[in-house]
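Okay, structure first, notes after.
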Amino acid sequence: MSFIVEHGPALAIAVPLMAAFATPLISRAGGRARNGVALLALLLTECILVLLFADVLSSGVRVYTMGATIPSLTSPVGYPIRIILEVDAMSALMALVSVTIALAVCIYSMRFMRSRDGMGYYYALLLMITVGMLGIVMTGDLFNMFVFLEILSISSGAIIAFYVNRGEASEAAFKYAVISAAGALMVLLAVCFLYGQYNLLNIGALAGVMQFTFLDKIALVLLVSAFALKCGAVPLHMWVSDAYSEAPAPISAALVVISQASLYALFRVCFTLFGAMPVIGVIGWFIIGLGVLSMFIGVTMAIPQHDIKRLMAYHAVSQTGYILLGLGVGLAVLGNAEAIGSFGIKAMEGAIFHMVNNALFKGLLFLTAGAIIYRTGTRDLNKLGGLAHAMPVTTCFFIIGMLSIAGLPPFNGFSSKILIYESVFMFSPVLSIIAILVSILTLASFVKVFQSAFLGPKRREYKDVKEVPVAMLIAMGILAFFIILFGLLPDLAVQWLIEPAAKALLSQLNYVGAIV
Amino acid sequence: MIGLLKTGTGFWNPLVWVAAFFVTALAVYIIRSRGVKKYRPGTGQTMPFFSGNRPPEDGIKSGNMYWGFFEALKRYYKWMRRLHTGIVNDYVFIFVLVMVLLMAAVTLGGLL
Amino acid sequence: MISLPFLAVMVIISIGLSAVIFRRNLVKIVMGTSIVASAINLFIVSLGYREGGVAPIFTGAPTLEMVLPTPQALTLTSIVIDLAVTAMMLSFAIIIYKHYGSLDSRKRRLRE
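These protein sequences, in sequence, are chains A, B and C. Sequential numbering from 33 applies to the first sequence in the numbering used here. Sequential numbering from -6 applies to the second sequence in the numbering used here. Sequential numbering from 152 applies to the third sequence in the numbering used here.
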């Protein structure tokens, strides 16, 4: 057990990586072997990460130096050398969320994509996506973060274009690839600026020696805009609707968590690397502006859509706006210790809790959309109708997801949104009012989807529609279980999961002290 | 107590909410069950209300909903649809614009 | 005055970005991305240069200062990543041409 915890960060990346490269070979032995290997790899990674999370909660930041004689030997010659993986409470939480959603996606895909060709590559890419997400959240080295960001972009770009019989999927994937490449190259440029000045690539070491020159400001601007591009903040959000709607339905659920890996990178750069910078308040206000724009434009562009997945993609943009709002409020008051203690840390807790909840309820909504597409074959809301008669369990899951995303009690959307509303109200009442208004518009647009797809009389062309198979219901059930759990017992979630993460983000000294 | 989430300025307890919901639902059910049963399926009671007009033959589609909302925000939506071109060159152009804007803001913020 | 490699890097990045923003042909957009990536590789390598240094190989090295080896490792990684991204984008362009019949970025079907 202590072996697993001591080598946990490396094992959690290595297990899905080796399974990803073995999958095309194992798929020669048949579909069941391939599905079993993918599922087993993800289950194993989940167990490793649960143990690692428990350890990080009890004993603080865990470092792992790649290639050293013992894992904690970070600085044998006085400054950090080699690639160092550094897992604090925020990293462990994001890793756990990523692998849980990947597991639900894998179980769902086993049935949803059963009759298709090239499934060996699908599962290999799904495991590579998991590797990319885990790498970004667990690494403590800036160039390594760029490498895993590119791994994630390439794998997710390839899997978005999975339906090669449709030109639209490749068009969406092309746009996604160009945007991802532009963003990642700007990240690399920023990393080079920092490396050129300080001759260090490690985040903790850089935070210790940063001197806030003009080049550092350029690097900060490049990093913030590139990560805001990758997570789909307005006005950089236009790729989101294309990519999420053309990807296979379970992959749309995974794309939400992929965008959140970039949100994690944004948090890490702003709070830990540049936390002591004097202009961090300007960045905070900029992120608040992005958040408010994302919330409003995301939901108003979602309401007129008639393609169910495009509508949900715009809602993903809108929910990212809530997270950026909480994060921006935390950044804008970062220098003010009294404000941080009274509402700043609550805003950050709301944002991090909303990241977890967003992955859960947005994932559930995309999986129910996939269930509708699986049975009826169409994505157009104008053609659907009356599905609640034939698919009652899917309707129930959709209602849970809809009430959760609109922020209605007693589900988890309300728990995280009330943290954001009340703390942002202390900062500026106008922002909180806009946030509540956007929640109402979210409910309006999902009522439209519910009425069009599920309510109404049974249609003639859908009279053979039955309930979806059990594997897909199990995957949706996992997510719904966590939604209800975090909704009914939010204080346990905040106390054990979210508050350690928020405190770990704010304490730059712990992160730096683990390295040097 | 369990389930009590403390936000900075208040608190929220979903278990108390669920209990209150069930009590209220029970009260509503008891009050409604003492009323007159007037539901006759198959008559005009089950048709959707369309202000006296005849509803469309193939049902009410999603494109027909929220007409008033879209009429009121017609100029905003025309502008938004024009901005969302779908051309990948524009996406990268907006990215460069946002970078330039943020750089200007950070430089000005540093000078003040 | 700024040194020549860094000036060249800035010029090449602006050429590449303007190719991505202003060119309509999908293949030219891919070429623009590749140009930007090559410029950044040049930037990384030129960061490690030390005046009068020799290659960072210990076997039989003259007793002079060596250039930094870390940027060379970073550049190798970056070249491989750029290769994969370019190959993937070109294969998407092939599939788009097969289905749409044209490589114009303005002939897109996913809009607003």
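C-beta: ideal position from N, C-alpha, C; glycine also. All figures in this text were calculated on a predicted structure; none of them were measured in a lab.
4 or more residues per run - each alpha helix (DSSP H) lying fully within the segment 297 to 382 of chain A | Runs of alpha helix (DSSP H) with 4 or more residues, each lying fully within the segment 297 to 382 of chain A, are found at 312 to 334 and 340 to 364, listed in chain order.
Does DSSP put arginine 411 of chain A in a helix, in a strand, or in coil?
-> The sequence position of residue 411 of chain A within the first sequence is 379, counting from 1. Three-state result, arginine 411 of chain A: coil.
Would you check if the distance between the CB atom of phenylalanine 303 of chain A and the CB atom of leucine 538 of chain A is smaller than 8 angstroms?
-> Your numbering for residue 303 of chain A matches position 271 in the first sequence. Your numbering for residue 538 of chain A matches position 506 in the first sequence. Yes, the pair counts as a contact, with Cβ atoms nearer than the cut-off.
Neighbour list for threonine 78 of chain B in chain C, Cβ cutoff strictly below 9 angstroms | Locating residue 78 of chain B in the second sequence gives position 85, counting from the first residue. Arg257, Arg259, Arg262 and Glu263, listed in chain order.
For the putative contact between alanine 121 of chain A and valine 82 of chain A, defined by C-beta atoms under 8 angstroms, what is the C-beta separation to the nearest angstrom?
-> Indexing the first sequence from 1 puts residue 121 of chain A at position 89. Indexing the first sequence from 1 puts residue 82 of chain A at position 50. Here alanine 121 of chain A is actually not in contact with valine 82 of chain A; their C-beta atoms are around 14 angstroms apart, not less than 8 angstroms.
Alanine 379 of chain A: CB within 7 angstroms of a non-hydrogen atom of the ligand HEM | Of ligands this structure carries none, so the ligand HEM is not represented either.
Output the boundary residues of the beta strand (DSSP E) element that contains threonine 97 of chain A.
-> Position 65 of the first sequence, counted from the first residue, corresponds to residue 97 of chain A. Here the beta strand (DSSP E) through threonine 97 of chain A covers 94 to 97.
Have a look at the DSSP bridge pairing and note the partners of glutamate 200 of chain A.
-> Looking up residue 200 of chain A in the first sequence gives position 168. BP columns for glutamate 200 of chain A are empty, so no partner.
Hey, how far is the Cα of histidine 269 of chain A from the Cα of glycine 63 of chain A?
-> As a working note, residue 269 of chain A is residue 237 in the first sequence. As a working note, residue 63 of chain A is residue 31 in the first sequence. So the alpha carbons of these two residues sit roughly 37 angstroms apart.
Where the alpha helix (DSSP H) containing isoleucine 191 of chain A begins and where it ends = Your numbering for residue 191 of chain A matches position 159 in the first sequence. For isoleucine 191 of chain A, the enclosing alpha helix (DSSP H) covers residues 174 to 192.
Do the segment 414 to 426 of chain A and the segment 477 to 494 of chain A make contact, defined as three or more Cβ pairs closer than 8 angstroms?
-> Segments in contact, yes.
Determine, using beta carbons only, whether alanine 258 of chain A and methionine 218 of chain A come nearer to each other than 8 angstroms.
-> As a working mapping, residue 258 of chain A is identified with position 226 in the first sequence. As a working mapping, residue 218 of chain A is identified with position 186 in the first sequence. A contact, by the Cβ cut-off of 8 angstroms.
Asparagine 6 of chain B: buried (16+ other C-beta within 10 angstroms of its C-beta) or exposed?
-> Residue 6 of chain B sits at position 13 when you count from the first residue of the second sequence. It counts as buried.
List the whole-angstrom C-beta distance separating serine 202 of chain A from isoleucine 247 of chain C, where the pair is believed to meet the contact cut-off of C-beta under 8 angstroms.
-> Translated into the one-based positions of the first sequence, residue 202 of chain A becomes position 170. Translated into the one-based positions of the third sequence, residue 247 of chain C becomes position 96. Correct: roughly 5 angstroms between the Cβ atoms.
Roughly how far, in whole angstroms, is the beta-carbon of lysine 378 of chain A from the beta-carbon of leucine 261 of chain A, given that I think they are within contact range, below 8 angstroms?
-> As a working note, residue 378 of chain A is residue 346 in the first sequence. As a working note, residue 261 of chain A is residue 229 in the first sequence. About 28 angstroms; that fails the 8 angstroms criterion.
Is serine 447 of chain A closer than 8 angstroms to phenylalanine 514 of chain A when the C-beta atoms are compared?
-> Along the first sequence, read from residue 1 onward, the residue named residue 514 of chain A stands at position 482. Along the first sequence, read from residue 1 onward, the residue named residue 447 of chain A stands at position 415. Going by C-beta atoms, phenylalanine 514 of chain A is not nearer than 8 angstroms to serine 447 of chain A.
CA-CA distance, glycine 204 of chain C and methionine 50 of chain A?
-> Here the question's residue 204 of chain C lines up with position 53 in the third sequence. Here the question's residue 50 of chain A lines up with position 18 in the first sequence. Glycine 204 of chain C and methionine 50 of chain A have their C-alpha atoms spaced approximately 40 angstroms apart.
Are there three or more Cβ pairs, one per stretch, closer than 8 angstroms when the segment 380 to 396 of chain A is compared with the segment 429 to 438 of chain A?
-> Yes: at least three Cβ pairs fall under 8 angstroms.
In angstroms, rounded to a whole number, what distance separates the CA positions of arginine 74 of chain B and alanine 205 of chain A?
-> The residue given as residue 74 of chain B occupies position 81 in the second sequence. The residue given as residue 205 of chain A occupies position 173 in the first sequence. Taking C-alpha positions only, arginine 74 of chain B is separated from alanine 205 of chain A by approximately 21 angstroms.
Counting pairs of Cβ atoms below 8 angstroms between the segment 333 to 342 of chain A and the segment 270 to 278 of chain A, do you hit three or more?
-> Contact check between the segment 333 to 342 of chain A and the segment 270 to 278 of chain A: three or more CB pairs, one atom from each, fall below 8 angstroms, which counts as touching.
Output, in sequence order along the chain, the residues in the segment 13 to 27 of chain B whose CB is closer than 9 angstroms to any CB in chain A.
-> So the list reads Phe14, given in the order they occur along the chain.
Quick one: which residues of the segment 37 to 70 of chain B get their C-beta closer than 8 angstroms to a C-beta of chain A? List them in chain order.
-> Answer in chain order: Gly52, Ile53, Lys54, Ser55, Gly56, Met58, Tyr59, Phe62, Phe63, Leu66, Tyr69 and Tyr70.
List the residues of chain C whose Cβ lies closer than 8 angstroms to the Cβ of valine 85 of chain B, in chain order.
-> Looking up residue 85 of chain B in the second sequence gives position 92. The contacting residues are Leu168, Val171 and Ile172.
By Cβ distance below 6 angstroms, which residues in the same chain neighbour serine 197 of chain C in space, the five residues on each side in sequence not counted?
-> Translated into positions along the third sequence, residue 197 of chain C becomes position 46. Once the five neighbours on either side are set aside, the close Cβ partners of serine 197 of chain C are Pro156.
CA-to-CA distance, threonine 474 of chain A to valine 349 of chain A, given in whole angstroms = By 1-based counting over the first sequence, the position of residue 349 of chain A is 317. By 1-based counting over the first sequence, the position of residue 474 of chain A is 442. Taking the straight line from one Cα to the other gives about 12 angstroms.
Alpha carbon to alpha carbon, what distance is there between methionine 96 of chain B and valine 188 of chain B?
-> Within the shown structure, residues of chain B are numbered from -6 to 105, placing residue 188 of chain B beyond reach of any answer.
Contacting positions in the segment 176 to 205 of chain C - beta carbon closer than 7 angstroms to chain B | For the segment 176 to 205 of chain C, the set of positions with a beta-carbon nearer than 7 angstroms to some beta-carbon of chain B reads Ile180 in chain order.
Express the C-alpha separation of glycine 103 of chain B and threonine 106 of chain A in angstroms, rounding to a whole number.
-> Numbered from 1 along the first sequence, position 74 holds the residue referred to as residue 106 of chain A. Numbered from 1 along the second sequence, position 110 holds the residue referred to as residue 103 of chain B. Cα-Cα distance, rounded: 35 angstroms.
Quick one, which residues of the segment 369 to 400 of chain A are near chain B if we go by CB-CB under 7 angstroms, in chain order?
-> Against chain B - using a Cβ distance shorter than 7 angstroms - the residues of the segment 369 to 400 of chain A are Ser374, Phe375 and Lys378.
Proline 282 of chain A classed as buried or exposed, judged by whether at least 16 other C-beta atoms fall within 10 angstroms = Indexing the first sequence from 1 puts residue 282 of chain A at position 250. Buried is the call here.
Who are the near neighbours of valine 47 of chain A in its chain, counting only those whose CB is closer than 6 angstroms to its CB and skipping five residues on each side?
-> Taking the first sequence and counting its residues from 1, the one referred to as residue 47 of chain A is at position 15. Take valine 47 of chain A, set aside five residues on each side of it, and the residues of its chain with a beta-carbon closer than 6 angstroms to its own are Ala73, Leu76 and Thr77, in chain order.
Identity of the residue in A/Leu357, A/Gly240 and A/Gly409 nearest tryptophan 317 of chain A by Cα | Counting from 1 along the first sequence, the entry for residue 317 of chain A is found at position 285. The shortest C-alpha to C-alpha distance from tryptophan 317 of chain A to any of A/Leu357, A/Gly240 and A/Gly409 is the one to A/Leu357.
Check whether the segment 454 to 464 of chain A touches the segment 370 to 389 of chain A, taking contact to mean three or more Cβ pairs, one atom from each stretch, closer than 8 angstroms.
-> At 8 angstroms Cβ cutoff, the stretches touch.
Kindly say whether aspartate 274 of chain A, judged by its beta-carbon, lies nearer than 8 angstroms to any beta-carbon of chain C.
-> Locating residue 274 of chain A in the first sequence gives position 242, where the first residue counts as 1. Interface residue, yes.
In the segment 414 to 472 of chain A, which residue ranges form an unbroken alpha helix (DSSP H) of at least 4 residues, counting only runs that do not cross its ends?
-> Fully enclosed alpha helix (DSSP H) runs of 4 or longer: 424 to 437 and 444 to 459.
Thinking C-alpha only, which one of A/Ala61, A/Asn231 and A/Val95 is nearest valine 37 of chain A?
-> Position 5 of the first sequence holds residue 37 of chain A. Checked all of A/Ala61, A/Asn231 and A/Val95; the closest Cα to valine 37 of chain A is A/Val95.
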